[in-house]
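Residue numbers (the UniProt record's numbering): 1 to 416. Right, one structure below, let's go through it.
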């Protein structure tokens, strides 16, 4: 491939702009989480409506994830990202002028399409801008995701706690940053060198036979991790506040920040370890820590609850990060779109379904009943990922007779 001419090379600030855009996308997804209790009190809707709002976001994000990559291959990264930012701004505007729970669903759907596109296309654009830093980009992206969520959750929860326009200022601050990024994207050169050449083909979700065992293990572990994350973003802040007898939304914001920051830390620390080992360790740790978390919540001690959810966040980071690395390192290049479409389709299903079930349960049973039940089910799902890997490992437990150079073997041991 020819190097782009000097006047078409990405500007030096393009990489940082795209990384901030990824951070903003996740921050936008986290802003409403500490505010759901305020909306529920304002409009008097049951907990199930909160999970419906969250599920609406996840559902449309799946659609965006499936189609945005192909659109950006055909029409370029920049046009798709510009539309995604406009959708983000539209969703924020609906939040500002919301007059009922229906508005929240519309706002989250607009944001979901925008964020889904930003996750896929922004990540691809980062690789276009600096393909030599692919490994570092993966680590920085994970950090950006979790830091964006933590900062947004804490900032919004703080404004809500002091009652300083919590249903307005977070969205305005987010919109201001989005406008600045929109202007930078307008000025940015198209980072995808082959834009316009690729046919418009939406990848059909499918998994090649040779990696199906690896896929099943990865998607179960990642799905268990995302089910925990979905409940954390929707109902767990209010459950934690109720358990700790803490009034106001700030404590819920601290819960979200504790989960995401320890997840980011775990992903950074484990980045050089074999992906399969990291995934198995995360699955086992999450299986143990979910029931332990029930005991932590039962103490009613705020410090114990924060420590518990922080440990769960670290395990989540290992389970998801390790599972994803374990899978992506072995996907055939020509099937990456199809496999990742299937992976995220199932991962978002794991995000949405338990959240809805917990929301339905919360309308019938108390927190002391529904939260332990969810924790046990999440633990069993994590353990099932470990069992699947053990069984598949025994079935394929014959030595690989293919000889590879020593340097490649060392690299493979780090990746997997």
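Using N, Cα and C, we set each Cβ at its ideal position, and we do this for glycine too.
When we look at the beta-carbon of residue i and count the other beta-carbons within 10 Å, is it buried (16 or more) or exposed?
i           : result
residue 221 : buried
residue 226 : buried
residue 12  : exposed
residue 210 : exposed
residue 405 : Bear in mind that a pLDDT of 44 at residue 405, under 50, signals an unreliable position, so the number given afterwards is only what the model happens to contain. Exposed, since its Cβ has fewer than 16 Cβ neighbours within 10 Å.
residue 194 : exposed
residue 389 : buried
residue 164 : exposed
residue 137 : buried
residue 14  : buried
residue 97  : exposed
residue 309 : buried
residue 241 : buried
residue 228 : buried
residue 326 : buried
residue 363 : exposed
residue 168 : exposed
residue 44  : exposed
residue 108 : buried
residue 162 : exposed
residue 20  : buried
residue 72  : buried
residue 174 : buried
residue 366 : exposed
residue 400 : Any answer about residue 400 is weak, because its pLDDT of 38 lies below 50 and its placement is not dependable; what the coordinates show is given next. By the neighbour-count rule (16 or more Cβ atoms within 10 Å), residue 400 is not buried but exposed.
residue 131 : exposed
residue 332 : exposed
Between which two residues does the alpha helix (DSSP H) containing residue i stretch?
i           : result
residue 177 : 169 to 187
residue 236 : 236 to 244
residue 95  : 77 to 96
residue 39  : 36 to 43
residue 283 : 275 to 299
residue 326 : 302 to 328
residue 366 : Per DSSP, residue 366 belongs to no alpha helix (DSSP H) and is neither H nor E.
residue 20  : 14 to 30
residue 264 : 250 to 269
Do residue i and residue j have their C-beta atoms within less than 9 Å of each other?
i           : j           : result
residue 121 : residue 77  : yes
residue 430 : residue 238 : This structure does not reach residue 430, given that the chain is present from 1 up to 416, and the question cannot be answered.
residue 191 : residue 129 : yes
residue 185 : residue 17  : yes
residue 40  : residue 46  : yes
residue 92  : residue 23  : no
residue 253 : residue 176 : no
residue 275 : residue 322 : yes
residue 257 : residue 151 : yes
residue 315 : residue 289 : yes
residue 356 : residue 48  : yes
residue 291 : residue 179 : no
residue 417 : residue 280 : Residue numbering for the chain in the displayed model covers 1 to 416; residue 417 lies beyond these limits and cannot be assessed.
residue 262 : residue 300 : no
residue 313 : residue 387 : no
residue 371 : residue 294 : yes
residue 64  : residue 116 : yes
residue 158 : residue 33  : no
residue 219 : residue 236 : no
residue 351 : residue 230 : yes
residue 104 : residue 95  : yes
residue 271 : residue 139 : yes
residue 382 : residue 284 : yes
residue 215 : residue 342 : yes
residue 324 : residue 182 : no
residue 319 : residue 385 : yes
residue 149 : residue 266 : no
residue 487 : residue 67  : Beyond the ends of the chain as shown, which are 1 and 416, falls residue 487; an answer cannot be given.
residue 112 : residue 69  : no
For a cutoff of 9 Å on Cβ pairs, would you count residue i as touching chain B?
i           : result
residue 389 : Absent here is chain B; the protein component of the structure consists of one chain.
Check your understanding: Mind pulling the alpha helix (DSSP H) runs of 4 or more residues that sit fully within the region 102 to 173?
Key -> 123 to 129, 134 to 161
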